[in-house]
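What follows is one structure encoded as structure tokens, with my remarks underneath.
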Amino acid sequence: MSKSKQLGDKTKILIKNFEDLEKGFNDLVKNPETTTPEFFAETGVKVLAMIPLTQACLLLLPTVTPPTSNVKRSQYQDVLATLQQLSTVTIPQLQTLAATFLTSPEPATKAAALTNIVALLPGIVLNYGRLKVILNLIKVKMRI
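Here you go:
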């Protein structure tokens, strides 16, 4: 199988995974009071699974892609950096806030946790949307 075909197949999987995650977060933005730590734990597992897939895409690309190239390393590097940020900082933070929201006996603490969750979610959804645009651009350029 050619590297181009392998890259196309992996990119298709990344696009599908991003769409699934984006749907989950969009639902959560609409109803943040339904948040659970389990949702963020599952999301973290999905994001962690996408990191090696993105790294595999990077391995299929040349070390330096020419400026005229339709598919650039920088696109996948952006995807990878965002996934790593989500898996190491954002999702664990959301998981902690969700646990606080569900277990705290104090209404003020619950409200603060929910406010912080709501404040973080739109940025995550925008990142997913931006990354999906990058992946769809790659998909169009590769004709996959």
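In the working numbering, each residue's number is its place in the sequence shown (first place is 1) plus 4.
The beta carbon of each residue, even a glycine, is placed where N, CA and C say it ideally should be.
Small disclaimer: the values here were computed from a predicted structure and weren't measured.
### Message
Going by beta-carbon coordinates alone, are residue 54 and residue 30 separated by less than 8 angstroms?
### Response
Numbered from 1 along the sequence shown, position 50 holds the residue referred to as residue 54. Numbered from 1 along the sequence shown, position 26 holds the residue referred to as residue 30. Against a cut-off of 8 angstroms, the Cβ pair of residue 30 and residue 54 comes out as no contact.
### Task
Out of 91, 120 and 84, state which residue places its alpha-carbon closest to the alpha-carbon of residue 39.
In the sequence shown, residue 39 corresponds to position 35, counting from 1. The residue with the shortest Cα to Cα distance from residue 39 is 120.
### Query
Quick one: what does DSSP say residue 40 is sitting in, helix, strand or coil?
Counted from its first residue, the sequence shown places residue 40 at position 36. Looking at residue 40 - three-state DSSP - the assignment turns out to be coil, as it is neither helix nor strand.
### Message
What does the Cβ neighbour count give for residue 130, buried or exposed, with the cut at 16 atoms within 10 Å?
### Response
What you label residue 130 is simply residue 126 of the sequence shown in a count that begins at 1. Exposed is the call here.
### Query
With C-beta atoms as the reference, is residue 75 less than 8 angstroms away from residue 148?
The residue you call residue 75 lines up with position 71 of the sequence shown. The residue you call residue 148 lines up with position 144 of the sequence shown. Residue 148 sits away from residue 75, with the two beta carbons spaced by 8 angstroms or more.
### Task
Measure the Cβ-Cβ separation of residue 58 and residue 93 and say whether it is below 8 angstroms.
Locating residue 58 in the sequence shown gives position 54, counting from the first residue. Locating residue 93 in the sequence shown gives position 89, counting from the first residue. Contact flag unset, no.
#### Entry: Three CB pairs or more closer than 8 angstroms across the segment 96-112 and the segment 59-70
no
#### Entry: Rounded straight-line distance, which links the Cα of residue 10 to that of residue 32
Within the sequence shown, residue 32 is the residue found at index 28, counting from 1. Within the sequence shown, residue 10 is the residue found at index 6, counting from 1. Using only the alpha carbons, I get a separation of about 33 angstroms.
### Task
To the nearest angstrom, report how far apart residue 106 and residue 47 are at their CA atoms.
Along the sequence shown, one-based indexing puts residue 106 at 102. Along the sequence shown, one-based indexing puts residue 47 at 43. When rounded, the distance between both Cα atoms is 18 angstroms.
### Message
Quick check on DSSP: helix, strand or coil for residue 108?
### Response
Sequence index remark: in the sequence shown, residue 108 carries index 104 (1-based). In the structure shown, residue 108 sits in coil (DSSP, three-state: anything other than H, G, I, E or B).
### Query
In chain order, what residues of the same chain lie with their CB nearer than 7 angstroms to the CB of residue 136, ignoring the 5 residues before and after it?
Here residue 136 corresponds to residue number 132 of the sequence shown, with the count starting at 1. These residues qualify, in order along the chain: 19, 22, 23 and 26.
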